[in-house]
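Novice: In the working numbering, the protein residues as written are 192 to 520. Cβ atoms here follow ideal geometry from the backbone N, Cα and C, with glycine treated the same way. Let me give you the structure first, and then I'll get to my questions.
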């Protein structure tokens, strides 16, 4: 069994190949070729945390994997990430465990990469101003990934802590060919932006309709069982796309309050979810039909994303002789 730590995973995972691999996984999911049952979770109420399990099988990629991921929001501001994960890979022909990977890096990378895939499918081709809402691992992942699919020239970073926003802006300025600056509010970041990437643990919406310009593409990946990132009016006005209708509209711990709340309150119906990303890729549903259309990709995370990313890492590790081999027998 091959064991790969976080730094090895980060070195081995090619970001461009990841976006392409996710496109294939999303198409497989929408076509019914892949298997990704809804996640289950064991709750840790006194820490406001939980441990979730996410198995997935993507036959076209030859991968069978399962992820265990913990979400402990109180880790924010400490040395530990709020999301921590392990991925176990199995031989899809025999069921034999073949690899154990750090899943924390994969979770961050595949989430940002799938948001970038949504931008490749839905954002205007000339989108050049990116608003990043949040200052954590996903904020970094999204800034990096978006620059790979659109000609981003300006990035505005906003978060609850101005010092963290400023630090992130400095960090991104050093590695990206864009003008990166911190701004004081979410509204200022979103004002006139072509792409708005929400990556928070918000209780109250950080994306509000008055702040969103015509033609903006919004991505929302934040997850808080007691909150949401996007307000009702934005959801109602947007062309809404998801990874999986079944997952996005399922109850906790799988679905999204950003969609479930407005459906419950009669603002929209479940039919307002326009398409899955895989349906756009397969040509079964249209994407953006005008330059002024607001588009929204609401992510809840599905196991085929982790499986596709892990398959890339494992292939690269075998090619380069990376990792440590252990025996379970």
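Around the Cβ of residue 481, are there at least 16 other Cβ atoms within 10 angstroms (buried) or fewer (exposed)?
Specialist: Position 290 of the chain shown, counted from the start, is the residue given in the question as residue 481. Exposed, by the Cβ-count rule.
Novice: Over the uninterrupted beta strand (DSSP E) stretch that includes residue 247, give me the two end residues.
Specialist: Numbered from 1 along the chain shown, position 56 holds the residue referred to as residue 247. 240-249 is the span of the beta strand (DSSP E), which, as asked, contains residue 247.
Novice: Is the CB-CB distance between residue 396 and residue 433 below 8 Å?
Specialist: Here residue 396 refers to the residue found at position 205 when the chain shown is read from its first residue. Here residue 433 refers to the residue found at position 242 when the chain shown is read from its first residue. No, the pair does not count as a contact, with Cβ atoms beyond the cut-off.
Novice: What does the alpha-carbon distance come out to for the pair residue 485 and residue 352?
Specialist: Position 294 of the chain shown, counted from the first residue, corresponds to residue 485. Position 161 of the chain shown, counted from the first residue, corresponds to residue 352. Residue 485 and residue 352: Cα-Cα distance of roughly 28 Å.
Novice: Please state whether the Cβ-Cβ distance between residue 375 and residue 347 is less than 8 Å.
Specialist: Looking up residue 375 in the chain shown gives position 184. Looking up residue 347 in the chain shown gives position 156. No, the pair does not count as a contact, with Cβ atoms beyond the cut-off.
Novice: Can you tell me the Cβ-Cβ gap for residue 215 and residue 251, rounded? I've got them flagged as a contact below 8 Å.
Specialist: Within the chain shown, the letter at position 24 stands for residue 215. Within the chain shown, the letter at position 60 stands for residue 251. Sure, about 6 Å apart at Cβ, within 8 Å.
Novice: Look up residue 515 in the DSSP assignment and say whether it is helix, strand or coil.
Specialist: In the chain shown, counting from the first residue as 1, residue 515 sits at position 324. Residue state, collapsed to three classes: strand.
Novice: Would you report the Cα separation of residue 464 and residue 493, rounded to the nearest angstrom?
Specialist: Your numbering for residue 464 matches position 273 in the chain shown. Your numbering for residue 493 matches position 302 in the chain shown. So the two alpha carbons sit approximately 17 Å from each other.
Novice: Check this for me: beta carbons of residue 336 and residue 206, under 8 Å apart or not?
Specialist: To locate residue 336, count along the chain shown from 1; it is residue 145. To locate residue 206, count along the chain shown from 1; it is residue 15. Yes; because the gap between Cβ atoms is below 8 Å, this pair is in contact.
Novice: Does the region 213-228 come within contact of the region 260-275, defined as at least 3 CB pairs closer than 8 Å?
Specialist: Short answer: they don't touch.
Novice: Please list the segments of the beta strand (DSSP E) lying wholly inside the region 320-401, counting only runs of 3 or more residues, in order along the chain.
Specialist: Complete beta strand (DSSP E) runs here, min 3: 320-324, 345-349, 370-373, 386-389.
Novice: I'd like to check one pair, residue 364 with residue 389: are the Cβ atoms closer than 8 Å?
Specialist: Stepping through the chain shown from its first residue, residue 389 is reached at position 198. Stepping through the chain shown from its first residue, residue 364 is reached at position 173. Not closer than 8 Å, so no.
Novice: Report the residue ranges of all beta strand (DSSP E) runs contained in full by the region 407-488; include only those spanning at least 3 residues, in chain order.
Specialist: If we require 3 residues or more, the beta strand (DSSP E) runs fully inside the region 407-488 come out as 408-411, 430-433, 464-467.
Novice: Report yes or no: do the region 423-438 and the region 338-345 share at least 3 C-beta pairs separated by less than 8 Å?
Specialist: No contact exists between the region 423-438 and the region 338-345.
Novice: Could you give the residue range of the alpha helix (DSSP H) that holds residue 200?
Specialist: Reading the chain shown from its first residue, position 9 is the one you call residue 200. Where residue 200 is concerned, the enclosing alpha helix (DSSP H) stretches over 197-203.
Novice: Work out the CA separation of residue 509 and residue 210 for me, nearest whole Å.
Specialist: Taking the first residue of the chain shown as position 1, residue 210 is located at position 19. Taking the first residue of the chain shown as position 1, residue 509 is located at position 318. So the alpha carbons of these two residues sit roughly 21 Å apart.
Novice: Which whole-angstrom value describes the C-beta separation of residue 288 and residue 503, a residue pair presumed to lie in contact below a C-beta threshold of 8 Å?
Specialist: As a working mapping, residue 288 is identified with position 97 in the chain shown. As a working mapping, residue 503 is identified with position 312 in the chain shown. Not quite, the Cβ-Cβ distance comes to about 19 Å (not below 8 Å), so this is no contact.
Novice: Run through DSSP, which three-state label would residue 288 get?
Specialist: On the chain shown, position 97 is the one that residue 288 refers to. Strand at residue 288.
Novice: Return the CA-CA distance between residue 462 and residue 428, expressed in angstroms with no decimal places.
Specialist: Counting from 1 along the chain shown, the entry for residue 462 is found at position 271. Counting from 1 along the chain shown, the entry for residue 428 is found at position 237. Taking the straight line from one Cα to the other gives about 14 Å.
Novice: So, residue 242 versus residue 232, is the Cβ gap smaller than 8 Å?
Specialist: Along the chain shown, read from residue 1 onward, the residue named residue 242 stands at position 51. Along the chain shown, read from residue 1 onward, the residue named residue 232 stands at position 41. A contact, by the Cβ cut-off of 8 Å.
Novice: With DSSP as the reference, identify every bridge partner of residue 210, one or two as the case may be.
Specialist: Against the chain shown, residue 210 aligns to sequence position 19. Residue 210 is not bridged to any residue.
Novice: Pick out whichever of 444, 319, 328 has its Cα sitting closest to the Cα of residue 304.
Specialist: The count along the chain shown starts at 1 and reaches residue 304 at position 113. Residue 328 is the option with its Cα nearest to residue 304.
Novice: Could you give the first and the last residue of the continuous alpha helix (DSSP H) run that contains residue 303?
Specialist: Position 112 of the chain shown, counted from the start, is the residue given in the question as residue 303. First-last of the alpha helix (DSSP H) with residue 303: 295-313.
Novice: For residue 417, tell me which candidate among 234, 398, 401, 448 has the shortest Cα-Cα distance.
Specialist: Position 226 of the chain shown, counting from 1, holds the residue named residue 417. It is 448.
Novice: Under DSSP, the beta strand (DSSP E) around residue 279 begins and ends at which residues?
Specialist: Taking the first residue of the chain shown as 1, we reach residue 279 at position 88. It spans 274-281 - the beta strand (DSSP E) in which residue 279 sits, taken as one unbroken run.
Novice: With a cut-off of 8 Å, do at least 3 Cβ pairs link the region 269-276 to the region 466-475?
Specialist: Result no; under three Cβ-Cβ pairs closer than 8 Å.
Novice: Would you mind giving the Cβ-Cβ distance between residue 212 and residue 499, rounded to the nearest angstrom? I have them listed as a contact below 8 Å.
Specialist: Here residue 212 refers to the residue found at position 21 when the chain shown is read from its first residue. Here residue 499 refers to the residue found at position 308 when the chain shown is read from its first residue. Sure, about 4 Å apart at Cβ, within 8 Å.
Novice: How long is the line joining the alpha carbons of residue 406 and residue 285, rounded to whole angstroms?
Specialist: As a first step, residue 406 must be located in the chain shown, where it is residue number 215. As a first step, residue 285 must be located in the chain shown, where it is residue number 94. The alpha-carbon atoms of residue 406 and residue 285 are separated by roughly 48 Å.
Novice: My output table needs one value for residue 215: the three-state DSSP class, helix, strand or coil.
Specialist: In the chain shown, residue 215 corresponds to position 24, counting from 1. Three-state DSSP puts residue 215 in a helix.
Novice: Quick check: the Cα distance between residue 496 and residue 457, rounded to an integer number of angstroms?
Specialist: Here residue 496 corresponds to residue number 305 of the chain shown, with the count starting at 1. Here residue 457 corresponds to residue number 266 of the chain shown, with the count starting at 1. C-alpha separation (whole angstroms): 31 Å.
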